[in-house]
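Undergrad:
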Amino acid sequence: EHHQTYELSIPPGTHIQYTLPPLFFYKPNLWWPNGMGKQFLYNVEISVDVKGFGESDSWDHQFGFRKIESTIDITTGGRLFKVNGQRVFIRGGNWILSDGLLRLSDKRYMTDIKFHADMNFNMLRCWGGGLAERPEFYHYCDLYGLLVWQEFWITGDVDGRGIPVSNPNGPLDHDLFLLCARDTIKLLRNHASLALWVGGNEQTPPKDINSALMNFLKLHPLFKSYAEKSDLGEDSS
Amino acid sequence: VATLGKTKLDSGWLAARSTEVEATGVQLTTTMPPSGPSLPWMEAAVPGTVLGTLLKNKLIPDPFYGLENEAILDIADSGREYYTFWFFTTFEYSMAGNQHATLNFRAINYSGEVYLNGHKRILTRGMFLRHSLDVTDILNPDGKNFLAVLVYPPDHPGTIPPEGGQGGDHEIGKDVATQYVEGWDWMTPIRDRNTGIWDEVSITVTGPVRLSDPHLVSSFFDNYKRAYLHTTVDLENSSSWHAECSLIIQVTAGLDGDMCLL
């Protein structure tokens, strides 16, 4: 039941987006943050065969089934996180990058992230003035159960703060910012550890950027309608 | 014939300061390729930054020891040209009839010009942007290919006030790049502002139809007893004919060694 084939025809020179029918899982092994359970990951492989050619392309990814929710607590103003319905006490660290000369080897990421897991952390916050972290960083956060709070690139350098006062309206080219943001979301969105996107460091980005980011990060409409059509009682975030 | 899939281009790179190279990108990738790591060319750190390359060749002191960062020329004083570098490599690939090849840069800081076998492509600005170039028609049929990339630093590298301060003069924030490089309370300024081909470079060979940017989402019902995996995927048919395709998805759970549960 977890191996499905779909036939489709693609016109010459075209680019399409295809939505596969959902795959059903009964009691899947869930992915949990460090300290709450195993970080169970399934291997998802997608390939496309072309008639008269054979396998044309393939892709694979280690995917974790988990549901992450977060809300602002009105009493404390703090953000509360739930993973798979269970409240999580966040023990987090601030992350800028692994190395100032960007010598970001696989081994270095593995060592750094395992170190944070060994310290009993369960979240890393990637500050907006540092990197949108790389897939290797997320891979090891998936493996070791570190939730990731990923910020976009807005800091005191682009929000009117600082001495001298910075440009209050974000980077000069908002379209370029959004192009990079959209591409970064596509690069990282499938990782189980990715818990929260944040517009920038301790503030919201300029209005046009913020509303565009919120739009990019909406749930796929087909997923939403699927959940609404279902009469199975529970919502799906 | 090239096998399908991705090959990383992470070794054999050379680099040189652009002001010290007289040849053009077209010449570097046709008639005048560098012969090896002899001046002005040096072994390059790719993926990596210009400072990483200079440190690898012991041309700067290690900025993370003592006050040695002070001995490295800051881009505000040197000008952007000083940290504008050529990167060069060769690779071999021979393609079969219906195969397609893309040259991929997962991130360059901050902008660049790519030359492959004499053909020029301009890369968009932005530190956090993937670039994927269709190079099917410009790969050399005899298998040897010359690749040169001219990498420019951020447009607004900024200056560091003598008294220091968080984010220098904040000019770096005008670009879509890391901002810590102008120096913060926990970090000295990075002299080249992290200019370079700082993330993976690869060649991907596919058939006529290419997959990109799959999106996986799970939804849960009945207290996590039932779950659905929702998937979308982009497909691009680069051929001149209708492609009849089978799209296959398979989800496995590793059990032990080579065994998996399907």
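Chains A and B are the protein sequences, given in the same order. Here the first sequence is numbered in our numbering, starting from -9 and rising by one per residue. Here the second sequence is numbered in our numbering, starting from 96 and rising by one per residue. Just so you know, even glycine gets a beta-carbon here, dropped at the ideal spot from N, CA and C.
1. Quick one: list the residues of chain A neighbouring Met190/B, beta-carbon separation under 7 Å, in chain order.
2. Any beta carbon of chain A sitting closer than 8 Å to that of His214/B?
3. Can you list, in chain order, the residues of its chain with a C-beta nearer than 6 Å to that of Trp108/B? Leave out the 5 residues immediately preceding and following it.
4. In whole angstroms, what is the alpha-carbon distance linking Glu117/B and Leu87/A?
5. Just the chain A side, please: which residues come within less than 8 Å of Asn193/B by C-beta, in chain order?
6. Per DSSP, which one or two residues make a beta bridge with Phe200/B?
7. If we define contact as Cβ-Cβ less than 8 Å, is Thr9/A a contact residue for chain B?
8. Quick check on Trp281/B: buried or exposed, where buried means 16 or more other Cβ atoms within 10 Å of its Cβ?
9. So Pro309/B is in the beta strand (DSSP E); what residue range does that whole segment cover?
10. Which residues of chain B have a Cβ atom closer than 8 Å to the Cβ of Ser156/A, listed in chain order?
11. Does any C-beta atom of chain B lie closer than 8 Å to the C-beta of Thr(-5)/A?
12. Whose CA, out of Ile58/A, Asn159/A, Gly54/A, Gly3/A, lies closest to the CA of Leu311/B?
13. When you check each C-beta in the region 198 to 210 of chain B against every C-beta of chain A, which residues fall closer than 9 Å?
14. Name the one or two DSSP bridge partners that Leu245/B has.
15. Of the choices Met204/A, Ser95/A, Tyr99/A, Ser48/A, whose alpha-carbon is the least far from that of Leu136/A?
16. Hey, does Gly143/B have any beta-carbon neighbour from chain A nearer than 8 Å?
17. Between the Cα of His181/A and those of Thr290/B, Val296/B, Pro309/B, spot the shortest distance and give me the residue it belongs to.
18. How is the beta strand (DSSP E) around Asp50/A delimited, first residue to last?
19. Considering only the alpha carbon of each residue, which of Phe127/A, Ser37/A, Pro23/A, His129/A lies closest to Arg81/A?
20. Can you give me the start and stop residues for the beta strand (DSSP E) that Met113/A sits inside?
21. Determine whether the beta carbon atoms of Ala171/B and Pro252/B lie at a separation below 8 Å.
22. What's the gap between the Cα of Tyr275/B and the Cα of Gln76/A?
23. Since Val184/A and Val138/A should fall inside the 8 Å C-beta cutoff, what is the C-beta to C-beta distance between them, to a whole number of angstroms?
24. Chain B partners of Leu(-2)/A, CB-CB under 7 Å?
25. Could you give the first and the last residue of the continuous beta strand (DSSP E) run that contains Ile217/B?
TA: This is what the structure gives:
1. The premise fails here: Met190/B is roughly 13 Å from chain A at the closest Cβ pair, so nothing lies under 7 Å.
2. no
3. Ala139, Val141, Phe182, Thr184
4. Taking the straight line joining both Cα atoms gives about 36 Å.
5. Phe43
6. His226/B, Val296/B
7. yes
8. The residue in question, Trp281/B, is exposed, as its Cβ has fewer than 16 Cβ neighbours within 10 Å.
9. 304 to 316
10. Gly262, His265, Gly268
11. yes
12. Gly54/A
13. Arg201, Ala202, Asn204
14. Trp181/B, Glu208/B, per the DSSP bridge assignment.
15. Tyr99/A
16. yes
17. Pro309/B
18. 44 to 53
19. Pro23/A
20. 113 to 116
21. yes
22. Distance between the alpha carbons of Tyr275/B and Gln76/A is about 35 Å.
23. Rather than Val, the amino acid found at residue 184/A in this sequence is Leu. Correct: roughly 5 Å between the Cβ atoms.
24. Cys340, Leu342
25. 214 to 218
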